[in-house]
Amino acid sequence: MNVSHEIIQVLKDSGYKLTRQRRVIIDTLAKNSKPVTAQEIFLQVRKDLPSISQDTLYRNLEVLAFIRVANRIRVRGGDRFELAEHHHHHFVCLKCGDVKCLKGCPIGPQQLSEANKNNLEVLYHNLELSGYCEKCRHRREG
Ligand SMILES: [Zn+2]
Ligand SMILES: [Zn+2]
Ligand SMILES: [Zn+2]
Numbered sequence: 004m005n006v007s008h009e010i011i012q013v014l015k016d017s018g019y020k021l022t023r024q025r026r027v028i029i030d031t032l033a034k035n036s037k038p039v040t041a042q043e044i045f046l047q048v049r050k051d052l053p054s055i056s057q058d059t060l061y062r063n064l065e066v067l068a069f070i071r072v073a074n075r076i077r078v079r080g081g082d083r084f085e086l087a088e089h090h091h092h093h094f095v096c097l098k099c100g101d102v103k104c105l106k107g108c109p110i111g112p113q114q115l116s117e118a119n120k121n122n123l124e125v126l127y128h129n130l131e132l133s134g135y136c137e138k139c140r141h142r143r144e145g
């Protein structure tokens with residue numbers, strides 16, 4: 004289990020300890036190649052932490068999302084979580100709730116000029132694309 008120094012530092016800076024529970028949760032998030040629901044994480048985490056409750060897992064996920072160690076993608080029927088390693092954005096299907104990670108980021112100095120004009124220091128931003136995934140699109144047209 005390897006939790007990166009960056010993550011440990013973010014936890015420390017935010018006043019949180021790297022508990023065994025958090026270590027397992029972070030490690031589980033890292034093992035998934037796409038955003039997963041809290042329920043899916045629960046089933047995976049339970050292999051290492053048989054006594055963890057859904058409540059405890061959920062509280063920890065909220066902490067990790069709050070300090071931006073994890074991304075929380077709000078989806079009807081079950082938010083998805085992933086490790087926030089490389090900055091990127093998401094596409095969410097309005098019909099089936101499927102989430103796709105999109106490479107890259109279109110936000111540059113031009114989009115931030117209004118914030119700069121107002122003397123704001125921007126640290127984060129959210130951008131979400133939504134519509135219909137390939138499957139739902141075909142179903143709609145067919
Ligand atoms: Zn879909
Ligand atoms: Zn993603
Ligand atoms: Zn971005």
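If you read the sequence shown in this note's numbering, its first letter stands for residue 4, the second for the next number, and so on. The C-beta atom is built at its ideal place from N, Cα and C for all residues, glycine as well. Please read all numbers here as calculations on a predicted model, not as lab measurements.
Taking the DSSP output, what are the residues bridged to L86?
Per DSSP, A73.
Which residue from Q57, C99 and R75 puts its Cα closest to that of R140?
Nearest option by C-alpha distance: C99.
Should E85 be counted as a contact of ligand 2 given a C-beta to heavy atom distance under 7 Å?
Shortest gap from the CB of E85 to any heavy atom of ligand 2: under 7 Å.
Hey, could you find the ends of the beta strand (DSSP E) C136 is sitting in?
Looking at the DSSP string, C136 is not in any beta strand (DSSP E), and its letter there is neither H nor E.
Taking only heavy atoms of ligand 1 into account, decide whether any of them is closer than 7 Å to the Cβ of K138.
Correct: K138 has its Cβ closer than 7 Å to ligand 1.
Could you tell me which uninterrupted beta strand (DSSP E) segments, each at least 3 residues in length, are contained entirely in the segment 96 to 129, listed from first to last along the chain?
Listed in chain order, the beta strand (DSSP E) elements of length 3 or more contained wholly in the segment 96 to 129 are 102 to 105.
Only counting the same chain, and skipping five residues up and downstream in sequence, which positions put a Cβ closer than 7 Å to that of Y135?
Contacts found: C96, L97, K98 and R143.
Is H93 closer than 8 Å to C108 when the C-beta atoms are compared?
For the 8 Å CB-CB criterion, C108 and H93 do not form a contact.
Contact defined as beta carbons within less than 8 Å: I believe I70 pairs with Y127. What is the distance between those atoms, to the nearest angstrom?
So it is not a contact: roughly 12 Å between Cβ atoms.
Residue of P38, N74, G80 and V78 minimising C-alpha distance to A87:
In terms of CA proximity to A87, N74 leads the group P38, N74, G80 and V78.
Beta-carbon separation (whole angstroms), T31 vs I11, contact threshold 8 Å:
Actually they are not in contact, since the Cβ atoms of T31 and I11 sit about 17 Å apart, beyond 8 Å.
C96 CB to nearest heavy atom of ligand 2 below 7 Å:
It does not: the Cβ of C96 is nowhere closer than 7 Å to a heavy atom of ligand 2.
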